[in-house]
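Heads up: the structure comes next, in structure tokens.
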Amino acid sequence: MFSTPLTHQQTRLLETLESKIPKSVPERHVLQARLKRYLPELLEGLAVYQPTQTQLEQLLKIMVTHHKARKPSLRLLDLERLLAPDWFERPETIAYVAYTERFAGNLKGVLEKVPYLESMHIKYLHLMPFLQPRPAPHDGGYAVQNYREVRSDLGTIEDLEHLTEALHQRGISLCCDLVLNHVALEHEWATKARGGDKKYQNYFYMYPDRTMPDQLEQHLPEVFPDFAPGNFTFDQASKTWVWTTFNAWQWDLNWSNFEVFLEFADVILWLSNKGIDIFRLDAIAFIWKRLGTNCQNLPEVHQITQALRSVARIVAPAVLFKAEAIVPPNDLIHYLGRGQHFGKVSDTAYHNSLMVQLWSSLASKDTRLMSHALRQFPKKPSNTAWNTYLRCHDDIGWAISDLDASAVGLDGYAHRRFLSDFYAGYFKGTFAKGLVFQENPKTHDRRISGSAASLAGLELALEQSDPRQVELSVQRLLMTHAVVFSFGGIPLLYMGDELALLNDHSFLENPEMSMDNRWVHRPAMPWEVLARLEQPVSLQERAQAQVQAGMKKLIEARVQTPQLHAAIESTVLESPNAHVFVFERLHPTGRLLCVFNFSDTAQVLPMWWLGTSQAIDQISQQPVRIESGGLWLAAYQYLWLLEK
Ligand code: GLC
Numbered sequence: 004m005f006s007t008p009l010t011h012q013q014t015r016l017l018e019t020l021e022s023k024i025p026k027s028v029p030e031r032h033v034l035q036a037r038l039k040r041y042l043p044e045l046l047e048g049l050a051v052y053q054p055t056q057t058q059l060e061q062l063l064k065i066m067v068t069h070h071k072a073r074k075p076s077l078r079l080l081d082l083e084r085l086l087a088p089d090w091f092e093r094p095e096t097i098a099y100v101a102y103t104e105r106f107a108g109n110l111k112g113v114l115e116k117v118p119y120l121e122s123m124h125i126k127y128l129h130l131m132p133f134l135q136p137r138p139a140p141h142d143g144g145y146a147v148q149n150y151r152e153v154r155s156d157l158g159t160i161e162d163l164e165h166l167t168e169a170l171h172q173r174g175i176s177l178c179c180d181l182v183l184n185h186v187a188l189e190h191e192w193a194t195k196a197r198g199g200d201k202k203y204q205n206y207f208y209m210y211p212d213r214t215m216p217d218q219l220e221q222h223l224p225e226v227f228p229d230f231a232p233g234n235f236t237f238d239q240a241s242k243t244w245v246w247t248t249f250n251a252w253q254w255d256l257n258w259s260n261f262e263v264f265l266e267f268a269d270v271i272l273w274l275s276n277k278g279i280d281i282f283r284l285d286a287i288a289f290i291w292k293r294l295g296t297n298c299q300n301l302p303e304v305h306q307i308t309q310a311l312r313s314v315a316r317i318v319a320p321a322v323l324f325k326a327e328a329i330v331p332p333n334d335l336i337h338y339l340g341r342g343q344h345f346g347k348v349s350d351t352a353y354h355n356s357l358m359v360q361l362w363s364s365l366a367s368k369d370t371r372l373m374s375h376a377l378r379q380f381p382k383k384p385s386n387t388a389w390n391t392y393l394r395c396h397d398d399i400g401w402a403i404s405d406l407d408a409s410a411v412g413l414d415g416y417a418h419r420r421f422l423s424d425f426y427a428g429y430f431k432g433t434f435a436k437g438l439v440f441q442e443n444p445k446t447h448d449r450r451i452s453g454s455a456a457s458l459a460g461l462e463l464a465l466e467q468s469d470p471r472q473v474e475l476s477v478q479r480l481l482m483t484h485a486v487v488f489s490f491g492g493i494p495l496l497y498m499g500d501e502l503a504l505l506n507d508h509s510f511l512e513n514p515e516m517s518m519d520n521r522w523v524h525r526p527a528m529p530w531e532v533l534a535r536l537e538q539p540v541s542l543q544e545r546a547q548a549q550v551q552a553g554m555k556k557l558i559e560a561r562v563q564t565p566q567l568h569a570a571i572e573s574t575v576l577e578s579p580n581a582h583v584f585v586f587e588r589l590h591p592t593g594r595l596l597c598v599f600n601f602s603d604t605a606q607v608l609p610m611w612w613l614g615t616s617q618a619i620d621q622i623s624q625q626p627v628r629i630e631s632g633g634l635w636l637a638a639y640q641y642l643w644l645l646e647k
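According to this note's numbering, the sequence shown is numbered sequentially starting from 4.
Shown next, in the form of structure tokens:
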């Protein structure tokens, strides 16, 4: 995190590099200062490539080009963010995640919806993959054919630039998916490789026969065992076996090739100059491969991230990296910087465990496993933030370790099985309606698709026209979001969850989507419903209006609660009541105690444990009565308590 003094050799290298920066470059001194600041960490990261002087000069040339091209408004943004390095950690940072076409038709449409985003205090918009993908199927855009074009039905690069400018004027950042692990089979690099071009064949992993793939497969898990089994695909054109971790048409890139690094350094800076603020580093865990390992989370991944981040900091310091690493806690923490990478890699990362534990506790009505697992969670660096969320566009994998389960007297396998049964709707008495995604016959792993509202019970309750169950499902949605909004980090609100949208089965009618049931929880925004919610009539509309109002309240409370700054970690407390999840956030302005009842019956926290009899609920701004018997919480009630 601290700038390291340059060694003798680095000073000489810096002088040589500086001499290559043309005198005419605007703000040359700024570029020089940043180069000096970041050179040690850039070189440390690039050590994976042992780059030659010429290769370093190639990289410098890319940086100089984009430094020259950076617009004055973005240079000002760089300055503003350098002056407020915690800009993304502040409680007012609330993110909204949406598919462009499903939210607003296209990029121009997004512009029209900005008032809606502002009405929810959104400061960060993640539009799902919008760069040009291959023709469908393209994994929701995660098979990019051209990183320098916008998906043709969504608009143009000019529209993107226009959008980022308009968002910036309103203090909203834009997050873009950057798929690093693979490109579409139709990407120019893959096309050339298929045509026999050796330079581009070296961009991928292509094997003449099954010898290497067979050896590698022994240690590789399958990401899509159902519709894309195995990790290698035979390519007819080149007559080789190509590494394809995900779908057959997503070709894994060979990141051990410095040329690939240069290509992405160039793409990142180019997109940054179009106004992108945050890069979601898609499937980052997979980018380095080594025989005999599961080819995930290898140390080189962090070195490469560090090098890419140094490049971004030198040219576009306003830009953030968000790691999409859905991996166990002890691997995950490295994406936010551990050991030598402290403060030098991604600024934010998904808190997958919190999401999984929320669903687990809702199903079991017991918070002991969640409390235990989160208490074991490694601490993050204070200058980084978690991305907390309840739902996203992907399935839910039951990432609960055997160790955590056994610590609270559960069998890990049985509990994971219970959760997939519960959320698939197989378990007797379940409230959830979800779908099984990618059942793996070898590991018996069963992931789940489904919208937050359907998984939380609203769909079933409406089918049964049961007002009490509807009420409970609304409370479940609000209570879990109350955790997401207060646990610490940037809450990601997934489009439609603010309106409790149910599962949408229309994907089954589209042959390009019907194989992949994650589309069930990627509905289109029903703007007409939104208008109706002002005067809700049906049971469903009333539930939606309640969720919408409750969510707004949470957001409004969050932005006024300094204790929710992401620099501070939540301390999960040992709760005296197994149904109640409790954590505290210690901040110089006072202690915030957040309590959540995960059961559908009233629960109490005893007075002796609370140690206080007077508190204000930061959400309702009302004093909370704590009687001698303790603090009573109604079914799924949640409070953010500020001691008086
Ligand atoms: C990420 C995305 C997921 C996609 C995968 C392959 O995990 O979130 O939707 O299928 O990467 O790109």
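Beta carbons are placed, not taken as given, at the ideal position from N, Cα and C, and that holds for glycine.
A distance criterion of 8 Å places the beta-carbon of ILE329 in contact range of the ligand GLC, judged by its closest non-hydrogen atom. In this structure, the CA atom of LEU461 is about 19 Å from the CA atom of TYR641.
Contact between the region 349-361 and the region 322-334 is present: 3 or more CB-CB pairs across the two stretches fall below 8 Å. Under a 10 Å Cβ-count criterion, GLY632 is classified as exposed, with fewer than 16 other Cβ atoms of the shown protein chains found around its own Cβ. Between ALA485 and GLN551, the CB-CB gap reaches or exceeds 9 Å.
ASP142 has its alpha-carbon roughly 33 Å from the corresponding atom of ASP407.
Between SER374 and LEU422, the CB-CB gap reaches or exceeds 9 Å. Spatial neighbours of ASP424 in its own chain (CB-CB distance under 7 Å, excluding positions within 5 residues in sequence) are listed in chain order as PHE430. Taking the C-beta atoms as reference points, PRO138 is found nearer than 9 Å to GLU189. The C-beta distance from LEU20 to LEU59 rounds to 7 Å, short enough to fall under 8 Å. Between the alpha carbons of ARG93 and ASN205 lies a distance of about 43 Å.
Checking the 8 Å criterion, the Cβ of ASP142 is within range of a heavy atom belonging to the ligand GLC. Judged by their CB atoms, ASN580 and LEU495 are not nearer to each other than the 9 Å cut-off. Taking non-hydrogen atoms of the ligand GLC into account, the C-beta of VAL270 is found less than 8 Å away from none of them. When DSSP states are grouped into helix, strand and coil, SER176 belongs to the strand group. In this structure, the ligand GLC has no non-hydrogen atom nearer than 8 Å to the beta-carbon of ALA251. Taking a C-beta distance under 9 Å as the contact criterion, TYR150 and HIS129 do not qualify as a contact pair. Collapsing the DSSP output to three states places GLY593 in a strand. For the pair MET610 and LEU644, the Cα-to-Cα distance works out to about 14 Å.
Three or more pairs of CB atoms, one per stretch, sit closer than 8 Å, so the region 94-114 contacts the region 155-167.
The closest heavy atom of the ligand GLC lies 8 Å or more from the beta carbon of VAL523. Per DSSP, reduced to three states, the secondary structure at LYS325 is strand. Contact between the region 225-242 and the region 193-208 is present: 3 or more CB-CB pairs across the two stretches fall below 8 Å. With respect to the C-alpha of LEU301, the residue from SER313, PRO381, ILE287, ALA107 having the closest C-alpha is ILE287. If you compare the alpha carbons of ARG293, ARG15, LEU284, TRP258 with that of GLU220, the shortest gap goes to ARG293. The alpha carbon of TRP522 has as its nearest neighbour, out of LYS64, SER27, ARG105, ASP89, the alpha carbon of ARG105. Only residues of its own chain outside the window of five on either side were considered, and among them ASN234, ASN297, CYS298 have a CB closer than 7 Å to the CB of LEU223, listed in chain order.
A straight line joining the alpha-carbon of THR308 with that of SER259 spans about 13 Å. Contact annotation, VAL583 with LEU608: C-beta distance approximately 6 Å; criterion of less than 8 Å satisfied. From the listed residues PHE261, PRO88, PRO132, the smallest Cα separation to GLN53 is found for PHE261.
Looking from the CA of ALA459, the closest CA among GLY412, THR433, TYR102 belongs to THR433. Residue side-chain check: VAL540 keeps its Cβ at 8 Å or more from all non-hydrogen atoms of the ligand GLC. Of the residues assessed, GLY593 falls on the exposed side of the cut-off, its CB having fewer than 16 other CB atoms within 10 angstroms. Rounded to the nearest whole angstrom, the CA to CA distance from TRP635 to ASP280 is 44 Å.
Three or more Cβ pairs closer than 8 Å define a contact, and the region 529-541 falls short of that threshold against the region 563-575. Annotated three-state conformation of HIS129 is strand, per DSSP.
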